[in-house]
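The next block holds one structure in the form of structure tokens; read it before the comments.
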Amino acid sequence: MVQADPNRAILPSIAELPCSDDIPVDNENQNFIPNLLRFLLQVIWQDRIDWFYAVNMGVYHTTGVNPRVPIVPDAFLCLGVERRKQSLQGRGRSSYVTWEENYIPPILTLEVVSQTYGGEYDEKMQIYARLGVLYYVIYNPEFWRRDQHQPFEVYKLINGVYQLQIGEPLWMPEIGLGIGRFHCASAPVNQEALAWYDATSTRYLLSEERFAQEQQRAEQEQQRAEQERQRAEQERQTRLDAVSRLLSMGLSVEQVAEALSLSIGEVRSQLNP
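Following the numbering used here, the numbering of the sequence shown begins with 77 at its first residue and continues without gaps.
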């Protein structure tokens, strides 16, 4: 867990630190998956200002050998911090510096394993454990056999040690979200991806999925309205067809109108000229 550093006064400021390790990603999933989760989170938590989520941004901390050397997750989530840091006057964070964030570590980190192994199951896991990251998500859809792991794993830090969690989507009560895989069929994307889930294991939809769902709901409502209109018209026609029969039985126009819930004008319109 991150602890306040007695040498805080000599630690560099955010302006003095590079924003990342400048190592390019070596497959598009390392951009697509983290950013998809970010876009979803911006909708899910649009009214909250106590969280920060970043993609490929350096996290500077004091639990390693050199506080000037960051760990750069493919993505990370922090809670209990400003969404936009006021002290930066709207510029936005260029990196996440724990000693400028009340020593609050990320509550979740995500690593998307690539062809070039990056120590996701050993070195990075040790760093995140020292840092105090509660949930560590490793997504490895292509190279899991090589690494002798599962394609999707979530670890939770318990007594300083990461323990593999069971279940998918995995509910994370400390975050108030679940995470798991789904098939993203939205054009132009057609692949497996990660998404957030609610407490009932219901996936939060993409914007295009929400639009399609709302459009389908509107079409269904329109169909129901048309069916109701046709039903009402059919019922009215049935009552109009009964006018001549009741009149032939000797009922007056007024009596027929009352019996069939028709206006006198509607009854008279059915009389033979």
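A virtual CB, placed ideally from N, CA and C, is assigned to each residue, including glycine.
Whole angstroms are fine: how far does the CA of residue j sit from the CA of residue i?
i      : j      : result
Tyr179 : Asn142 : 16 Å
Val343 : Ala301 : 27 Å
Ala130 : Phe219 : 24 Å
Thr278 : Gly256 : 10 Å
Asp87  : Val188 : As written in the sequence, residue 87 is Leu, which differs from the Asp given in the question. Their Cα atoms are separated by approximately 30 Å.
Thr353 : Asp123 : Lying outside 77 to 349, the shown extent of the chain, residue 353 is not represented and no answer is given.
Val237 : Asn111 : 28 Å
Gly134 : Gly254 : 25 Å
Gln291 : Gln303 : 18 Å
Met248 : Asp198 : 23 Å
Closest to residue i by CA distance: which of the options is it?
i      : options                           : result
Thr185 : Leu113, Arg159, Ala288 and Arg222 : Leu113
Tyr212 : Gln226, Glu104 and Leu240         : Leu240
Ile120 : Pro149, Ile251, Asn216 and Ile183 : Ile251
Pro181 : Leu153, Arg312, Arg221 and Glu196 : Leu153
Leu323 : Gln303, Ala308 and Gln346         : Gln346
Gly216 : Thr139, Phe128, Asp150 and Ser320 : With the sequence shown as reference, residue 216 is identified as Asn, and Gly is not the correct amino acid for it. If we check each option's Cα against that of Asn216, Asp150 comes out closest.
Should residue i be labelled buried (16 or more other beta-carbon atoms within 10 Å of its own) or exposed?
i      : result
Ala271 : buried
His259 : exposed
Arg144 : exposed
Asn235 : exposed
Ile125 : exposed
Ile147 : buried
Between residue i and residue j, is the Cβ-Cβ spacing less than 8 Å?
i      : j      : result
Leu210 : Val230 : no
Leu116 : Tyr273 : no
Tyr136 : Ser171 : yes
Arg315 : Ser337 : yes
| Segments of 3+ residues assigned as beta strand (DSSP E) that fall wholly inside the stretch 226-283 | 228-234, 237-240, 246-248, 253-260 and 267-273
| task | Starting from the N-terminal side, write out each stretch of the beta strand (DSSP E) that is 3 residues or longer and does not extend beyond the stretch 148-211. | result | 151-155 and 184-188
| query | If you scan the stretch 98-133 from start to end, which runs of the alpha helix (DSSP H) of 4 or more residues do you find wholly inside it? | reply | Runs of the alpha helix (DSSP H) inside the stretch 98-133: 105-120.
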